[in-house]
Structures are given as C-alpha cells and as structure tokens.
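Asker:
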Amino acid sequence: MENIKNITIVGGEDGNPARLITELNPVKLEKDCEMALKSLFHGEVLNIITGKNDRIFFKENPGNVSIETDTPIEPSTKIQVIYIPEGYYDTTAQLISVIAVEIRKKLRRGRRNKDPMIVTVSEESGLVNIELNELFILAGETHFTLLTPWKFLGLERSQNKKFTIPNVKYNKTCSPGFVYASIVENSYINGNLSRNLGVVPIKGAGSFYESSYPKYVPINIKEFSKVLIELRDLKGEYIKFNPKSKLVITLHIKPIKS
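So the mapping is simple: the numbering used here equals the position in the sequence shown, first residue as 1, plus 941.
So, in structure tokens, the structure goes:
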C-alpha cells in the first residue's frame, strides 16, 4: 500500500455503539505501516443504566419519627423500591427530580397529603436541597448501595430529613476513554498487554474530538479485511453510549518512515 489511507467507521455492532466493525476490501500492506486515531464523535453517555444503578430503596416513616442514619431502621417496616428510567441526565437536579416523581407515584394514596420528597435548587450555592416527609431513603449500607446511584451522586449515608448534594452538570464532566484496535501491536496498560490505539476524552453530553498530534501505533499484520474498534472505560467495560446515538471514528494509516 503506497498511498496514505483514511478509514471512517460509523455506528456500532449488535446495538453497542462502543463496539465497531468495518468490512474492507482486502488490504495488503507492502511496507511496515502504522495507524492513528484522527477523530471521534460520540453521543450521550448514559449515567443511569438498567440493572446497574437504576434503583432507589426507601421506607415510609409515618410521623417523621427521628431516625439516626447510622442506626438500623425497624426491621418490620417494609422496604420499597422505585426504578429510574435509563438515560443520560444532564444535572444532579434533573436526576433527583425524576427520583422524586417516581417516589411520589409509588406512594400516591388518599391518606397522604404531604409530598414525600421536595426538591429545590440553589443556583447561588450550586446545591440541590432535598426535604423528606415521612420518608427514609436508604443509602450507604452495602446491600443498598449496590444497584443505586447514590455513590455516583455523592450521598454516603441514609437520610430521613433535609439534606443537600452538589448540583453537578454532567455535560461539563470528562472521563478517559480507551480505544482498542484489532490490527495494531500490543502495548502495556497497567502491566497488561492490550491493543490500545490511544486515550480520548469522553463527555457526558457527547462531543467531537480531533487529535492535533495523532499518536501512531504500528500495525502488526500485513493483510486484513476487517477492523474491530472498541471503546472502554477505566474498569475495562464498554462505555455505555445512548444506543440511539451515532459514533463516528476516523483512522489514519501511513507507512513507517525508515
């Protein structure tokens, strides 16, 4: 292959935007070549995921009885659960408001005249203010931390009165995304061999990234007709993009200079 090649891949494999495969006419490299990630566009990254952090556990607390957050609640009181719709939530305030709506639906009864969870936002302090009425939110305990978003939201203890949490704007947050390519040579990440092509910034609301100085990695095969690209997070899991969004990645191949 004498000429420089660009490869653009759009979409995802099996409904997973973080896993992309492109089929090519058979490519035969006549010289040693290297490949780099030129650009990447991605859509929203889900911050509430079904089966992972979509549940809120709570108990009713008639009369707003004072309950110390480090003392187990009366065992006879029934634990209830609501499910948060999977999706990308732009701010902590938006997510907490949805939780309040779902709890309100769950506890809708004729005898109940108090809103179980009142949410207000202070723009000045950047805090979400939450007031609980006859309600005990379970958080912090190991078996209630699993499958809930409370750790993600910064709440470490159960609550039954008023509390505040920072109103994070997730469209401004950024985390590393590791791009893996099936045809490049292995390199080490934390002592483990992997076909890593580079690290890119991943933003909650979606973004476009273009490298000013692409990092080239040698290609370790001479002939190929398929390229597999994967985007994974720090834990090695596929990044959970909105399945309705598109992911577009552009690769650049060139001969290695002698």
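Where a beta carbon is used, it is the ideal one built from N, C-alpha and C, also for glycine. Since we're looking at a predicted model, the values are computed, not measured.
Measuring alpha carbon to alpha carbon, tell me which of H1193, S1199, K972 and L1036 ends up nearest P1155.
Answerer: For this step, residue 1155 is matched to residue 214 along the sequence shown. Out of H1193, S1199, K972 and L1036, H1193 has the C-alpha closest to the C-alpha of P1155.
Asker: Taking all protein chains shown into account, do 16 or more other C-beta atoms lie within 10 angstroms of the C-beta of P1184, making it buried, or fewer, making it exposed?
Answerer: Here residue 1184 corresponds to residue number 243 of the sequence shown, with the count starting at 1. Exposed, by the Cβ-count rule.
Asker: Starting from F1035, follow its DSSP beta bridges and name the residues at the other end.
Answerer: Along the sequence shown, one-based indexing puts residue 1035 at 94. For the sequence presented, residue 1035 should be read as Gln rather than Phe. Answer by DSSP bridge pairing: none, since Q1035 is not bridged.
Asker: Specify the secondary structure class of P1155 as computed by DSSP and reduced to three states.
Answerer: Position 214 of the sequence shown, counted from the start, is the residue given in the question as residue 1155. Residue state, collapsed to three classes: coil.
Asker: Quick check: the Cα distance between G1051 and E1075, rounded to an integer number of angstroms?
Answerer: For this step, residue 1051 is matched to residue 110 along the sequence shown. For this step, residue 1075 is matched to residue 134 along the sequence shown. Only weak support is given to the placement of G1051: the predicted model assigns it a pLDDT of 46, under 50, and the question is left unresolved by the model.
Asker: Helix, strand or coil: which one does DSSP assign to V968?
Answerer: Reading the sequence shown from its first residue, position 27 is the one you call residue 968. Three-state DSSP puts V968 in a strand.
Asker: When DSSP builds the beta bridges, which residues end up paired with R960?
Answerer: Against the sequence shown, residue 960 aligns to sequence position 19. Answer is E1171.
Asker: Please classify Y1029: does DSSP put it in a helix, a strand, or coil?
Answerer: In the sequence shown, residue 1029 corresponds to position 88, counting from 1. It is coil, neither helix nor strand.
Asker: Does R996 come out as helix, strand or coil in the three-state DSSP assignment?
Answerer: On the sequence shown, position 55 is the one that residue 996 refers to. Residue state, collapsed to three classes: strand.
Asker: Between which two residues does the beta strand (DSSP E) containing K946 stretch?
Answerer: What you label residue 946 is simply residue 5 of the sequence shown in a count that begins at 1. It spans K946 to V951 - the beta strand (DSSP E) in which K946 sits, taken as one unbroken run.
Asker: At what residue ranges does the segment 1045 to 1105 contain a whole run of the beta strand (DSSP E), taking only runs of 3 or more?
Answerer: Runs of the beta strand (DSSP E) inside the segment 1045 to 1105: 1058 to 1063, 1068 to 1073 and 1076 to 1079.
Asker: Whose C-alpha, out of E1126, P1159 and C1115, is nearest the C-alpha of P1196?
Answerer: Position 255 of the sequence shown, counted from the first residue, corresponds to residue 1196. Considering only alpha carbons, the answer is P1159.
Asker: Just the Cα atoms here: how many angstroms apart are S1123 and L1172?
Answerer: The sequence position of residue 1123 within the sequence shown is 182, counting from 1. The sequence position of residue 1172 within the sequence shown is 231, counting from 1. Going from the Cα of S1123 to the Cα of L1172 covers about 12 Å.
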